[in-house]
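Taking it in order: structure first as C-alpha coordinates, then the write-up.
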Amino acid sequence: MQTRKLGPKLEVFPVGLGCMGMSFAYGGQAEADAIATLRRAVEIGVTFFDTAEVYGPFENEILLGKALKPVRDKVTIATKFGFKISEEGSGLERMVGVDSRPEHVKAVAEASLKRLGTEIIDLYYQHRVDPNVPIEDTVGAMAELVREGKVRALGLSEVSAATIRRAHAVHPIAAVQSEYSLWSRDPEDGVFDVCRELGIGFVPYSPLGRGLLTGTIAKPETLSDDDWRRTLPRFQADAMAANAKVIATLERLAVEKGVTSAQLALAWVLHQGDFIVPIPGARKMRHLEQNTAAAGIKLSAAEVAAIGDALSPDKVVGKRYTEESLALVNG
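If you read the sequence shown in numbering that gives the first Met the number 0, its first letter stands for residue 0, the second for the next number, and so on.
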(Lines of atoms letter the chains of each structure in order from A and count residues from 1; the text may use other names and numbers.)
(Lines give C-alpha, C1' and ligand atoms only; values in the text may rest on other atoms or scores of the structure.)
Protein backbone atom coordinates (compact mmCIF):
# COMPACT_ATOMS: atom_id res chain seq x y z
CA MET A 1 0.00 0.00 0.00
CA GLN A 2 1.18 3.52 -0.81
CA THR A 3 2.00 5.65 2.23
CA ARG A 4 3.36 9.06 3.07
CA LYS A 5 4.98 10.31 6.27
CA LEU A 6 3.84 13.11 8.53
CA GLY A 7 6.92 13.78 10.59
CA PRO A 8 8.94 10.83 11.90
CA LYS A 9 6.12 9.01 13.73
CA LEU A 10 3.08 8.95 11.44
CA GLU A 11 2.74 7.06 8.16
CA VAL A 12 -0.60 7.19 6.33
CA PHE A 13 -2.30 6.57 3.00
CA PRO A 14 -1.62 9.51 0.62
CA VAL A 15 -5.25 10.70 0.69
CA GLY A 16 -6.98 11.18 4.04
CA LEU A 17 -10.57 12.05 4.89
CA GLY A 18 -11.69 15.43 6.20
CA CYS A 19 -14.72 14.66 8.36
CA MET A 20 -16.01 18.15 9.22
CA GLY A 21 -18.86 18.17 6.69
CA MET A 22 -20.42 15.07 8.19
CA SER A 23 -21.46 17.07 11.26
CA PHE A 24 -20.78 20.74 10.73
CA ALA A 25 -20.87 23.76 8.40
CA TYR A 26 -21.91 21.96 5.20
CA GLY A 27 -25.38 20.80 6.27
CA GLY A 28 -24.41 17.61 8.08
CA GLN A 29 -25.41 14.02 7.41
CA ALA A 30 -27.43 11.25 9.04
CA GLU A 31 -25.25 9.44 11.56
CA ALA A 32 -25.82 6.00 10.06
CA ASP A 33 -24.76 7.24 6.62
CA ALA A 34 -21.69 8.95 8.04
CA ILE A 35 -20.61 5.83 9.92
CA ALA A 36 -21.08 3.73 6.79
CA THR A 37 -18.90 6.14 4.80
CA LEU A 38 -16.20 6.20 7.48
CA ARG A 39 -16.05 2.43 7.64
CA ARG A 40 -16.00 2.17 3.86
CA ALA A 41 -13.02 4.53 3.88
CA VAL A 42 -11.09 2.09 6.04
CA GLU A 43 -12.10 -0.82 3.78
CA ILE A 44 -10.59 0.86 0.71
CA GLY A 45 -7.35 1.81 2.44
CA VAL A 46 -7.84 5.27 3.97
CA THR A 47 -5.94 5.46 7.26
CA PHE A 48 -5.97 9.19 8.13
CA PHE A 49 -9.07 10.88 9.55
CA ASP A 50 -9.34 14.56 10.47
CA THR A 51 -11.72 16.12 13.00
CA ALA A 52 -11.78 18.92 15.62
CA GLU A 53 -13.56 19.75 18.85
CA VAL A 54 -15.32 22.67 17.17
CA TYR A 55 -16.91 20.53 14.44
CA GLY A 56 -20.43 20.31 15.77
CA PRO A 57 -19.18 21.48 18.22
CA PHE A 58 -18.07 18.15 19.68
CA GLU A 59 -20.39 15.97 17.58
CA ASN A 60 -17.81 15.08 14.94
CA GLU A 61 -15.34 13.68 17.46
CA ILE A 62 -18.10 11.55 18.98
CA LEU A 63 -19.03 10.31 15.51
CA LEU A 64 -15.47 9.31 14.68
CA GLY A 65 -15.02 7.61 18.02
CA LYS A 66 -18.11 5.50 17.42
CA ALA A 67 -17.36 4.70 13.78
CA LEU A 68 -13.67 3.92 14.13
CA LYS A 69 -13.63 2.10 17.45
CA PRO A 70 -13.63 -1.38 15.81
CA VAL A 71 -10.60 -0.43 13.67
CA ARG A 72 -8.81 1.95 16.02
CA ASP A 73 -5.50 0.14 15.64
CA LYS A 74 -5.60 0.58 11.85
CA VAL A 75 -6.20 4.35 11.68
CA THR A 76 -4.56 7.66 12.48
CA ILE A 77 -6.89 10.23 14.03
CA ALA A 78 -6.14 13.96 14.05
CA THR A 79 -8.10 16.48 16.07
CA LYS A 80 -7.71 20.16 16.93
CA PHE A 81 -8.09 22.68 19.75
CA GLY A 82 -7.87 26.43 19.78
CA PHE A 83 -11.32 28.04 19.70
CA LYS A 84 -13.45 29.42 22.49
CA ILE A 85 -16.77 27.62 22.34
CA SER A 86 -19.83 29.25 23.85
CA GLU A 87 -22.48 27.26 25.72
CA GLU A 88 -25.15 29.21 23.85
CA GLY A 89 -26.22 29.13 20.21
CA SER A 90 -25.60 26.38 17.69
CA GLY A 91 -23.00 25.46 15.10
CA LEU A 92 -20.80 28.30 13.98
CA GLU A 93 -22.50 30.72 16.39
CA ARG A 94 -20.70 28.97 19.24
CA MET A 95 -17.24 29.90 17.93
CA VAL A 96 -16.59 33.13 19.86
CA GLY A 97 -12.82 33.58 19.65
CA VAL A 98 -9.54 31.73 20.05
CA ASP A 99 -7.94 30.25 23.14
CA SER A 100 -4.56 28.52 23.23
CA ARG A 101 -3.68 29.06 26.89
CA PRO A 102 -1.76 26.04 28.21
CA GLU A 103 -4.55 25.07 30.60
CA HIS A 104 -7.06 25.16 27.75
CA VAL A 105 -4.79 23.06 25.53
CA LYS A 106 -4.75 20.33 28.17
CA ALA A 107 -8.44 20.54 29.06
CA VAL A 108 -9.49 20.14 25.42
CA ALA A 109 -7.17 17.17 24.97
CA GLU A 110 -8.78 15.38 27.91
CA ALA A 111 -12.27 16.08 26.57
CA SER A 112 -11.31 15.02 23.04
CA LEU A 113 -9.85 11.74 24.30
CA LYS A 114 -13.17 10.94 25.97
CA ARG A 115 -15.27 11.90 22.95
CA LEU A 116 -13.06 9.89 20.61
CA GLY A 117 -13.07 6.93 22.99
CA THR A 118 -9.33 6.48 22.68
CA GLU A 119 -6.29 6.51 24.94
CA ILE A 120 -4.13 8.61 22.63
CA ILE A 121 -4.62 11.31 19.99
CA ASP A 122 -2.38 10.50 17.04
CA LEU A 123 -2.04 14.09 15.81
CA TYR A 124 -3.05 17.11 17.92
CA TYR A 125 -3.24 20.43 16.09
CA GLN A 126 -3.54 24.01 17.22
CA HIS A 127 -6.49 25.04 15.03
CA ARG A 128 -5.65 28.75 14.86
CA VAL A 129 -2.85 30.82 16.38
CA ASP A 130 -3.87 32.75 19.49
CA PRO A 131 -2.29 36.22 19.25
CA ASN A 132 -2.46 36.57 23.03
CA VAL A 133 -0.44 33.45 23.80
CA PRO A 134 3.17 32.95 22.64
CA ILE A 135 3.42 29.92 20.39
CA GLU A 136 6.22 28.65 22.63
CA ASP A 137 3.80 28.43 25.59
CA THR A 138 1.14 26.67 23.57
CA VAL A 139 3.52 24.11 22.06
CA GLY A 140 5.11 23.62 25.47
CA ALA A 141 1.74 22.49 26.82
CA MET A 142 1.19 20.28 23.77
CA ALA A 143 4.62 18.73 24.34
CA GLU A 144 3.67 17.84 27.91
CA LEU A 145 0.75 15.85 26.51
CA VAL A 146 3.21 13.91 24.36
CA ARG A 147 5.37 13.15 27.36
CA GLU A 148 2.28 11.98 29.27
CA GLY A 149 1.41 9.56 26.46
CA LYS A 150 -1.88 11.29 25.61
CA VAL A 151 -0.74 12.64 22.22
CA ARG A 152 1.54 10.98 19.67
CA ALA A 153 2.50 13.94 17.42
CA LEU A 154 1.91 17.68 17.17
CA GLY A 155 0.52 19.87 14.40
CA LEU A 156 -0.30 23.48 13.57
CA SER A 157 -2.98 24.90 11.30
CA GLU A 158 -2.91 28.03 9.14
CA VAL A 159 0.45 29.27 10.39
CA SER A 160 3.31 31.25 8.88
CA ALA A 161 6.76 29.86 8.18
CA ALA A 162 8.16 31.93 11.05
CA THR A 163 5.66 30.48 13.52
CA ILE A 164 6.47 26.95 12.37
CA ARG A 165 10.15 27.53 13.11
CA ARG A 166 9.43 28.93 16.58
CA ALA A 167 7.11 26.03 17.40
CA HIS A 168 9.48 23.38 16.05
CA ALA A 169 12.26 24.73 18.26
CA VAL A 170 10.15 23.84 21.32
CA HIS A 171 9.00 20.40 20.13
CA PRO A 172 9.13 18.69 16.71
CA ILE A 173 6.08 19.52 14.60
CA ALA A 174 4.83 16.56 12.55
CA ALA A 175 2.31 18.31 10.30
CA VAL A 176 1.06 21.69 9.19
CA GLN A 177 -2.52 21.92 7.97
CA SER A 178 -3.71 24.80 5.80
CA GLU A 179 -6.05 25.36 2.90
CA TYR A 180 -4.32 24.43 -0.34
CA SER A 181 -5.65 23.65 -3.79
CA LEU A 182 -5.35 24.76 -7.39
CA TRP A 183 -7.24 27.86 -6.27
CA SER A 184 -5.55 28.55 -2.91
CA ARG A 185 -1.76 28.42 -2.93
CA ASP A 186 -0.61 30.62 -0.06
CA PRO A 187 1.54 27.83 1.50
CA GLU A 188 3.83 27.95 -1.53
CA ASP A 189 5.11 31.27 -0.16
CA GLY A 190 7.54 29.96 2.46
CA VAL A 191 5.56 27.29 4.30
CA PHE A 192 6.40 24.47 1.88
CA ASP A 193 10.09 25.34 2.07
CA VAL A 194 10.21 25.17 5.86
CA CYS A 195 8.21 21.93 5.90
CA ARG A 196 10.67 20.30 3.50
CA GLU A 197 13.63 21.62 5.47
CA LEU A 198 12.38 20.42 8.86
CA GLY A 199 10.81 17.14 7.73
CA ILE A 200 7.25 18.27 8.44
CA GLY A 201 4.27 16.87 6.57
CA PHE A 202 1.77 19.21 4.95
CA VAL A 203 -1.97 18.46 5.10
CA PRO A 204 -4.10 20.47 2.65
CA TYR A 205 -7.69 20.94 3.72
CA SER A 206 -10.28 21.91 1.10
CA PRO A 207 -8.06 20.55 -1.71
CA LEU A 208 -11.16 20.59 -3.91
CA GLY A 209 -11.91 24.27 -3.30
CA ARG A 210 -14.70 23.38 -0.83
CA GLY A 211 -16.37 21.44 -3.62
CA LEU A 212 -16.14 24.01 -6.39
CA LEU A 213 -13.39 22.10 -8.19
CA THR A 214 -15.63 19.05 -8.49
CA GLY A 215 -17.74 20.92 -11.05
CA THR A 216 -20.94 19.93 -9.27
CA ILE A 217 -21.78 23.25 -7.59
CA ALA A 218 -22.96 25.75 -10.19
CA LYS A 219 -25.06 28.15 -8.09
CA PRO A 220 -25.41 29.07 -4.41
CA GLU A 221 -28.88 27.53 -4.52
CA THR A 222 -27.22 24.15 -5.02
CA LEU A 223 -26.27 24.30 -1.33
CA SER A 224 -28.65 23.85 1.61
CA ASP A 225 -29.83 26.98 3.40
CA ASP A 226 -27.69 26.20 6.44
CA ASP A 227 -24.51 25.51 4.45
CA TRP A 228 -21.77 27.84 5.72
CA ARG A 229 -20.22 28.10 2.25
CA ARG A 230 -23.05 30.43 1.27
CA THR A 231 -21.31 33.13 3.35
CA LEU A 232 -17.96 32.83 1.53
CA PRO A 233 -16.91 35.22 -1.26
CA ARG A 234 -16.29 32.46 -3.84
CA PHE A 235 -19.79 31.08 -3.30
CA GLN A 236 -21.60 34.28 -4.18
CA ALA A 237 -23.60 34.12 -7.40
CA ASP A 238 -21.48 36.64 -9.32
CA ALA A 239 -18.21 34.97 -8.31
CA MET A 240 -19.51 31.52 -9.19
CA ALA A 241 -20.65 32.73 -12.59
CA ALA A 242 -17.28 34.36 -13.23
CA ASN A 243 -15.37 31.24 -12.16
CA ALA A 244 -17.41 28.86 -14.30
CA LYS A 245 -14.97 29.27 -17.20
CA VAL A 246 -12.04 28.18 -15.05
CA ILE A 247 -13.95 25.15 -13.78
CA ALA A 248 -14.85 24.28 -17.38
CA THR A 249 -11.12 24.27 -18.18
CA LEU A 250 -10.51 21.78 -15.37
CA GLU A 251 -13.36 19.60 -16.64
CA ARG A 252 -11.88 19.59 -20.15
CA LEU A 253 -8.43 18.62 -18.86
CA ALA A 254 -9.97 15.87 -16.75
CA VAL A 255 -11.83 14.41 -19.72
CA GLU A 256 -8.60 14.37 -21.70
CA LYS A 257 -6.94 12.47 -18.86
CA GLY A 258 -9.86 10.08 -18.42
CA VAL A 259 -10.54 11.05 -14.80
CA THR A 260 -13.02 13.24 -12.91
CA SER A 261 -12.41 16.93 -12.20
CA ALA A 262 -12.02 16.15 -8.50
CA GLN A 263 -9.50 13.42 -9.19
CA LEU A 264 -7.39 15.66 -11.40
CA ALA A 265 -7.44 18.45 -8.83
CA LEU A 266 -6.35 16.02 -6.11
CA ALA A 267 -3.69 14.45 -8.30
CA TRP A 268 -2.23 17.90 -8.94
CA VAL A 269 -2.03 18.55 -5.19
CA LEU A 270 -0.42 15.17 -4.56
CA HIS A 271 2.22 15.87 -7.20
CA GLN A 272 3.43 18.99 -5.37
CA GLY A 273 5.51 16.83 -3.06
CA ASP A 274 5.65 13.48 -1.27
CA PHE A 275 5.30 15.25 2.09
CA ILE A 276 1.72 16.28 1.19
CA VAL A 277 -1.38 14.37 2.36
CA PRO A 278 -4.64 16.08 1.33
CA ILE A 279 -7.84 15.51 3.30
CA PRO A 280 -10.81 16.05 0.96
CA GLY A 281 -14.22 15.75 2.55
CA ALA A 282 -16.72 13.19 1.27
CA ARG A 283 -20.20 12.34 2.50
CA LYS A 284 -21.11 10.02 -0.35
CA MET A 285 -19.30 6.73 -0.88
CA ARG A 286 -18.82 7.22 -4.61
CA HIS A 287 -17.04 10.53 -3.96
CA LEU A 288 -14.93 8.91 -1.26
CA GLU A 289 -13.91 6.11 -3.61
CA GLN A 290 -13.12 8.53 -6.46
CA ASN A 291 -11.03 10.74 -4.19
CA THR A 292 -9.08 7.80 -2.80
CA ALA A 293 -8.35 6.53 -6.32
CA ALA A 294 -6.66 9.85 -7.13
CA ALA A 295 -3.60 8.55 -5.29
CA GLY A 296 -2.95 6.28 -8.26
CA ILE A 297 -3.09 8.95 -10.97
CA LYS A 298 0.26 9.75 -12.58
CA LEU A 299 0.97 13.17 -14.06
CA SER A 300 4.06 14.23 -15.98
CA ALA A 301 5.90 17.38 -14.98
CA ALA A 302 4.51 19.04 -18.09
CA GLU A 303 0.94 18.07 -17.13
CA VAL A 304 1.39 19.37 -13.59
CA ALA A 305 2.67 22.69 -14.92
CA ALA A 306 -0.09 23.00 -17.52
CA ILE A 307 -2.86 22.29 -15.01
CA GLY A 308 -1.36 24.71 -12.51
CA ASP A 309 -1.14 27.47 -15.10
CA ALA A 310 -4.65 26.89 -16.42
CA LEU A 311 -6.20 27.16 -12.95
CA SER A 312 -3.89 29.62 -11.23
CA PRO A 313 -5.35 31.68 -8.35
CA ASP A 314 -5.02 34.93 -10.31
CA LYS A 315 -7.82 33.64 -12.55
CA VAL A 316 -10.20 33.16 -9.61
CA VAL A 317 -12.80 35.69 -8.52
CA GLY A 318 -13.40 35.94 -4.76
CA LYS A 319 -11.27 35.33 -1.67
CA ARG A 320 -11.27 32.00 0.13
CA TYR A 321 -12.63 33.45 3.38
CA THR A 322 -14.39 36.56 4.65
CA GLU A 323 -12.09 39.29 5.96
CA GLU A 324 -12.96 38.32 9.54
CA SER A 325 -11.84 34.74 8.99
CA LEU A 326 -8.76 35.76 7.00
CA ALA A 327 -7.57 37.65 10.09
CA LEU A 328 -7.08 34.27 11.81
CA VAL A 329 -4.87 32.66 9.15
CA ASN A 330 -1.12 32.80 8.51
CA GLY A 331 -0.52 33.52 12.17
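From the three backbone atoms N, C-alpha and C, an ideal C-beta is built for every residue, glycine too. Just so you know, these numbers come straight off a predicted model, no measurement behind them.
Practice task
May I have a chain-ordered list of the alpha helix (DSSP H) segments no shorter than 4 residues that lie completely inside the stretch 36 to 68?
Solution key: Correct list: 58 to 67.
Handout entry: Sequence ranges, alpha helix (DSSP H) only - wholly within the stretch 158 to 211, length at least 4
Key = Listed in chain order, the complete alpha helix (DSSP H) runs (minimum 4 residues) inside the stretch 158 to 211 are 160 to 169, 190 to 197.
Handout entry: Buried versus exposed, by CB contacts within 10 Å (16 or more), residue 172
Key = Residue numbering aside, residue 172 sits at position 173 when the sequence shown is read from its first letter. With 16 or more Cβ atoms within 10 Å of its Cβ, residue 172 is classed as buried.
Exercise for the section: Starting from the C-beta of residue 316, find all residues in its chain whose C-beta is less than 6 Å away, skip the five residues before and the five after it, and write them out in chain order. Expected result: Your numbering for residue 316 matches position 317 in the sequence shown. Once the five neighbours on either side are set aside, the close Cβ partners of residue 316 are 238, 241, 242.
Problem - Sequence-distant residues of the same chain with beta carbon closer than 6 Å to residue 55, five excluded per side - result: If you number the sequence shown from 1, residue 55 lands on position 56. Excluding positions up to five away in sequence, the list reads 22, 23.
Practice task
Rank 8, 2, 0 by C-alpha distance to the C-alpha of residue 198 and give the top, closest one.
Solution key: As a working note, residue 198 is residue 199 in the sequence shown. Measuring from the Cα of residue 198, the nearest candidate turns out to be 8.
Exercise for the section: Kindly indicate which three-state DSSP category residue 76 falls into: helix, strand or coil? Expected result: Taking the sequence shown and counting its residues from 1, one reaches residue 76 at position 77. Judged by DSSP in its simplified three-state form, residue 76 adopts strand.
Problem - Residue closest to residue 202, alpha-carbon to alpha-carbon, out of 263, 209, 279, 129 - result: Reading the sequence shown from its first residue, position 203 is the one you call residue 202. Checking every option, the nearest Cα to that of residue 202 belongs to 279.
Problem - Selected residue, minimal CA-CA separation from residue 49, among 76, 70, 220 - result: For the purposes of this step, residue 49 is taken as residue 50 along the sequence shown, with counting starting at 1. Selected option, being the one with the closest Cα: 76.
Handout entry: Three-way DSSP call (helix, strand, coil) for residue 315 in this model
Key = Numbered from 1 along the sequence shown, position 316 holds the residue referred to as residue 315. If DSSP states are grouped into helix, strand and coil, residue 315 belongs with coil.
Exercise for the section: Could you tell me which residues DSSP puts in a beta bridge with residue 120? Expected result: Residue numbering aside, residue 120 sits at position 121 when the sequence shown is read from its first letter. 150, per the DSSP bridge assignment.
Exercise for the section: Just the C-alpha distance for residue 65 and residue 71, rounded to the nearest angstrom, thanks. Expected result: If you number the sequence shown from 1, residue 65 lands on position 66. If you number the sequence shown from 1, residue 71 lands on position 72. The straight-line gap from Cα to Cα measures roughly 10 Å.
Problem - residue 134 burial status per 10 Å Cβ neighbour count (16 or more: buried) - result: Numbered from 1 along the sequence shown, position 135 holds the residue referred to as residue 134. Looking at its Cβ environment, which holds 16 or more other Cβ atoms inside 10 Å, residue 134 is buried.
Practice task
Examine the Cβ distances between the stretch 144 to 164 and the stretch 182 to 199 and report whether three or more of them are shorter than 8 Å.
Solution key: The answer is yes - the stretch 182 to 199 touches the stretch 144 to 164, with three or more Cβ pairs under 8 Å.
Handout entry: Cα-Cα separation between residue 38 and residue 111, rounded to whole angstroms
Key = Stepping through the sequence shown from its first residue, residue 38 is reached at position 39. Stepping through the sequence shown from its first residue, residue 111 is reached at position 112. Using only the alpha carbons, I get a separation of about 20 Å.
Handout entry: Residues that DSSP places opposite residue 134 in a beta bridge
Key = To locate residue 134, count along the sequence shown from 1; it is residue 135. For residue 134, which the question treats as bridged, DSSP gives no partner whatsoever.
Exercise for the section: Measure how close the beta-carbons of residue 25 and residue 285 come, nearest whole angstrom, since I'm counting them as under 8 Å. Expected result: Along the sequence shown, read from residue 1 onward, the residue named residue 25 stands at position 26. Along the sequence shown, read from residue 1 onward, the residue named residue 285 stands at position 286. With a beta-carbon spacing of about 17 Å, residue 25 and residue 285 fall beyond the 8 Å limit used to define contacts.
Handout entry: Bridge partner(s) assigned by DSSP for residue 97
Key = Here residue 97 is taken as the residue at index 98 of the sequence shown, counted from 1. Residue 97 pairs with 82.
Exercise for the section: Could you please give the first and the last residue of the uninterrupted alpha helix (DSSP H) stretch that includes residue 245? Expected result: Locating residue 245 in the sequence shown gives position 246, where the first residue counts as 1. According to the DSSP assignment, residue 245 belongs to the alpha helix (DSSP H) that extends over 236 to 256.
Handout entry: Distance between residue 277 and residue 250 (C-alpha atoms, nearest Å)
Key = One-based indexing of the sequence shown puts residue 250 at position 251. One-based indexing of the sequence shown puts residue 277 at position 278. Distance between the alpha carbons of residue 250 and residue 277 is about 20 Å.
Practice task
Determine the DSSP secondary structure at residue 275, reduced to helix, strand or coil.
Solution key: Reading the sequence shown from its first residue, position 276 is the one you call residue 275. Three-state result, residue 275: strand.
Problem - residue 59 burial status per 10 Å Cβ neighbour count (16 or more: buried) - result: Position 60 of the sequence shown holds residue 59. With a threshold of 16 other beta carbon atoms within 10 Å, residue 59 meets it and is buried.
Problem - Whole-Å CB distance - residue 44 paired with residue 101, under 8 Å assumed - result: Locating residue 44 in the sequence shown gives position 45, where the first residue counts as 1. Locating residue 101 in the sequence shown gives position 102, where the first residue counts as 1. Cβ atoms of residue 44 and residue 101 stay farther apart than 8 Å, at about 37 Å.
Handout entry: Meets three-Cβ-pair contact criterion under 8 Å: the stretch 281 to 296 and the stretch 316 to 329
Key = Pairwise C-beta distances place the stretch 281 to 296 out of contact with the stretch 316 to 329, as fewer than three of them are shorter than 8 Å.
Exercise for the section: Hey, could you find the ends of the beta strand (DSSP E) residue 11 is sitting in? Expected result: As a working note, residue 11 is residue 12 in the sequence shown. Its beta strand (DSSP E) spans residues 9 to 11.
Practice task
Pick helix, strand or coil for residue 114, following the three-state DSSP scheme.
Solution key: If you number the sequence shown from 1, residue 114 lands on position 115. Secondary structure at residue 114: helix, using DSSP grouped into helix, strand and coil.
Handout entry: Sufficient close CB pairs (3 or more, under 8 Å) joining the stretch 211 to 222 to the stretch 298 to 307
Key = Because the criterion of three Cβ pairs below 8 Å is not met, the stretch 211 to 222 and the stretch 298 to 307 do not touch.
Practice task
For residue 280, write down the residues that DSSP places opposite it in a beta bridge.
Solution key: Your numbering for residue 280 matches position 281 in the sequence shown. Per DSSP, the beta bridge partners of residue 280 are 17.
Problem - Span separating the alpha-carbon of residue 122 from that of residue 153 - result: Residue numbering aside, residue 122 sits at position 123 when the sequence shown is read from its first letter. Residue numbering aside, residue 153 sits at position 154 when the sequence shown is read from its first letter. Approximately 6 Å, taken between the alpha carbons.
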